[in-house]
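In my numbering, the protein residues as written are 64 to 379. Below is one structure, written out as structure tokens, with a few remarks after it.
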Ligand code: BDR
Ligand code: CA
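Shown next as structure tokens:
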């Protein structure tokens, strides 16, 4: 059985690897890619999605641009982590990538894809939740077409962009609030889980050993990502957050899950954008979110290395 998926992303180094994983693995049926402003402006994240698909030979997946700012509040980017292009490291050249941009708006592409597919589809947001919230607000009738939402965002503990808040949720807390309160099944992979999958020199060496143009590009991406994580956070190796989502869909036992109530702090003086995860059931709120906890990092990296191998070797 394959899992039909729409990726909503802001590439972004780790988003890029999630696209590769979703496109490469036979268990995932990648129906569409939509982009949102986050790691960089919408124009740049959209160009980056097209660039990654071009270099990886992903030609049959429509890519559409969505919202260029949050539902409320200021726009922010993560240029300190992902660079001015949003995908710094490799030289992509200055020309337009060969993969075209779908003329539809992201919401139209998601809506039409949901309506056209034979079965409910899993939404996988790995950027700010603006597009997904806008979709749910504009088209509540689509809820029955959505199987579940499997997202990267938040944390059971501390944040990375403020001491309390993780980047994707902080970019658009009101959108995250809409998603967590949507009544849809939501699975959240936050920093507490994603920080367990670090692209160590050993991992980068495994990808380098594949010896293909795609593997060289992936090494350049990870090397750049490692440098900014070292500078900004003092990490020995950078966490490859976003692909935990698709890795979970491929292998549900790769990350252990607990059920908890999750609320998004919208008003805190110092804590806006924090995900308040009630791991001990002390609030009495329904434990309606699945929260990623312990990760089998080795199994995760096996999936990533295999994806780069498969897409780098067109005959498989
Ligand atoms: C999240 O923020 C972005 O910079 C990454 O792409 C990831 O989705 C981690 O906080
Ligand atoms: Ca992202």
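Heads up, the beta-carbon is just placed ideally off N, CA and C, and yes, glycines get one too.
Spatially closest choice to residue i from the options, by CA coordinates
i, options, result
"residue 289", "173, 370, 263, 237", "263"
"residue 78", "110, 64, 221, 332", "110"
"residue 226", "147, 214, 267, 336", "336"
"residue 189", "136, 174, 117, 108", "108"
"residue 245", "371, 82, 153, 206", "206"
"residue 328", "235, 187, 367", "235"
"residue 284", "301, 232, 249, 238", "301"
"residue 364", "65, 163, 128, 83", "83"
"residue 251", "162, 96, 87, 310", "310"
"residue 341", "316, 220, 89, 239", "220"
"residue 65", "204, 312, 157, 343", "312"
"residue 85", "106, 120, 102", "120"
"residue 331", "233, 376, 377", "233"
"residue 131", "338, 215, 170", "170"
"residue 334", "223, 353, 101", "223"
"residue 196", "257, 129, 280, 357", "129"
"residue 80", "202, 116, 136", "116"
"residue 99", "257, 147, 194, 229", "194"
"residue 136", "72, 158, 202, 237", "237"
"residue 375", "339, 257, 272", "272"
"residue 355", "101, 176, 320", "320"
"residue 134", "371, 198, 217", "198"
"residue 247", "281, 256, 294, 204", "204"
"residue 101", "215, 90, 177", "215"
"residue 178", "142, 353, 67", "67"
"residue 104", "141, 118, 295, 307", "141"
Three-state class that DSSP yields for residue i in the structure shown
i, result
"residue 290", "helix"
"residue 252", "strand"
"residue 96", "strand"
"residue 229", "coil"
"residue 121", "coil"
"residue 245", "coil"
"residue 328", "coil"
"residue 375", "helix"
"residue 316", "coil"
"residue 360", "helix"
"residue 261", "strand"
"residue 338", "strand"
Straight-line gap, residue i to residue j (C-alpha atoms, nearest Å)
i, j, result
"residue 259", "residue 360", "7 Å"
"residue 381", "residue 209", "Because the chain here runs from 64 to 379, residue 381 falls outside it and cannot be looked at."
"residue 182", "residue 92", "12 Å"
"residue 243", "residue 278", "36 Å"
"residue 173", "residue 69", "7 Å"
"residue 192", "residue 274", "36 Å"
"residue 75", "residue 145", "6 Å"
"residue 187", "residue 212", "6 Å"
"residue 362", "residue 305", "15 Å"
"residue 88", "residue 297", "33 Å"
"residue 318", "residue 150", "27 Å"
"residue 292", "residue 139", "18 Å"
"residue 343", "residue 358", "20 Å"
"residue 184", "residue 368", "26 Å"
"residue 175", "residue 201", "14 Å"
"residue 377", "residue 338", "41 Å"
"residue 419", "residue 112", "Summary: the structure shown does not reach residue 419, with the chain confined to residues 64 through 379, and so no result is reported for it."
"residue 316", "residue 268", "26 Å"
"residue 154", "residue 217", "31 Å"
"residue 167", "residue 97", "10 Å"
"residue 148", "residue 372", "25 Å"
"residue 282", "residue 143", "19 Å"
"residue 379", "residue 370", "Confidence at residue 379 is low in this model, with a pLDDT of 48, below 50, so the placement of that residue should be treated as unreliable; the coordinate-derived value is given next. If you take the alpha carbons of residue 379 and residue 370, they lie about 10 Å apart."
"residue 255", "residue 90", "26 Å"
Minimum Cβ-Cβ distance from residue i to chain D less than 7 Å
i, result
"residue 346", "The chain labelled as chain D is not found in the depicted structure, where only one protein chain is given."
Do the region 306-325 and the region 342-358 touch if we need at least three Cβ pairs shorter than 8 Å? yes
Pair every Cβ in the region 158-172 with every Cβ in the region 115-130, then say whether three or more of these pairs are closer than 8 Å. Yes, they touch.
Beta strand (DSSP E) runs wholly inside the region 170-232, at least 3 long, in chain order: 184-188, 209-215
Taking only runs that begin and end inside the region 99-156, name each unbroken alpha helix (DSSP H) of 4 or more residues, in chain order. Listed in chain order, the complete alpha helix (DSSP H) runs (minimum 4 residues) inside the region 99-156 are 105-119, 142-145.
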